[in-house]
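Read the structure below first, then the notes.
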Amino acid sequence: MSQLFELPPLPYAFNALEPAIDALTMEIHHDKHHAAYVANLNKALESQPELQGKSIEALLKGLDAIPEAVRTAIRNNGGGHANHSLYWDILTPGGSKSPNGPFEKTLLAEFGTLDKFNELFSNAGLTRFGSGWAWLVVDPVKKLKVYSTANQDSPLSQDYTPILCMDVWEHAYYLKYQNRRADYIKAFMGVVNWDVVSQLYEKAIH
Ligand code: MN
């Protein structure tokens with residue numbers, strides 16, 4: 000059987016985000032964790048020819064219509080694939096240090112200041128009990144919303160368009176930060192690629 004989904008290459012070197020996120024964490028996270036979500040997603044799709052060829056977005060938006068036998072596997076592993084693909088893209092040691100364009104305008108209108116937004120977003124990650132993700136999403140009426148999901152649940156399944164995400168599973172930070180999730184979150188906020196987030200916002204509202 001042909002490979003349905005493929006692990007996207009990391010768009011920068013494993014050590015590119017040092018010291019915020021260490022190279023070994025990035026290597027294991029991408030080459031082992033993300034790779035496993037892709038492999039298990041493909042495995043779940045093997046028995047479902049009618050689902051093959053659908054995009055990851057279409058699969059996650061239409062979870063209710065997916066046969067029960069593979070729904071949980073696709074929710075978890077499809078979510079894992081989509082979430083991590085976004086995570087690599089919105090991080091970079093370069094890029095703009097703050098939002099720009101229409102996104103900046105909207106962010107400031109809805110949250111007041113970038114500091115206030117950062118605090119709200121960081122807190123969403125800090126207070127997510129157990130494993131999950133913090134999100135900035137565009138909702139169906141094009142408003143911004145900060146919240147978190149458990150496990151690998153994707154905002155796509157709730158009719159939201161994710162434009163910024165933060166993985167708060169321990170595998171995202173434990174080697175360097177151990178139990179100190181707050182320290183990881185602070186470091187993470189310093190390597191967000193706001194250019195990409197700003198572009199994703201513009202795409203989401205059009
Ligand atoms: Mn992860």
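Here numbering that gives the first Met the number 0 is used: the first residue of the sequence shown is 0, the next is one more, and so on.
Backbone N, C-alpha and C define an ideal beta-carbon position, used for all residues, glycine too.
- In the structure shown, Tyr146 adopts extended strand secondary structure according to DSSP, grouped into three states.
- Relative to the ligand MN, the beta carbon of Trp168 is positioned inside 6 Å of a heavy atom.
- With a cutoff of 7 Å on beta-carbon distance, Ser197 and Asn82 are scored as not near each other.
- In the same chain as Lys185, and ignoring 5 residues on each side of it, the C-beta atoms closer than 8 Å to its own belong to Ser121, in chain order.
- A contact between stretches requires three or more CB pairs, one per stretch, nearer than 8 Å, and the region 26-37 fails this requirement with the region 100-112.
- Out of Pro139, Lys175, Gly131 and Leu174, the CA that lies nearest to the CA of Cys164 is found in Gly131.
- For Gly131, there is no enclosing alpha helix (DSSP H); the residue is found in the beta strand (DSSP E) stretching over Gly131 to Val137.
- Around the C-beta of Arg74, 16 or more other C-beta atoms lie within 10 Å, and the residue is accordingly described as buried.
- Runs of the alpha helix (DSSP H) spanning 4 or more residues and lying entirely within the region 24-103 occur at 34-44, 55-60, 67-72 and 78-88, in chain order.
- According to the DSSP assignment, Ile20 belongs to no beta strand (DSSP E), since it is labelled neither H nor E.
- Going by C-alpha positions, Pro139 is about 21 Å away from Leu119.
- Where Leu174 is concerned, the enclosing alpha helix (DSSP H) starts and stops at Tyr173 to Tyr176.
- Beta-bridge annotation (DSSP): Leu163 is paired with Leu135.
- Using a Cβ-Cβ distance cut-off of 8 Å, the region 175-185 and the region 38-51 are not in contact, since fewer than three pairs of beta carbons, one from each stretch, lie closer than that value.
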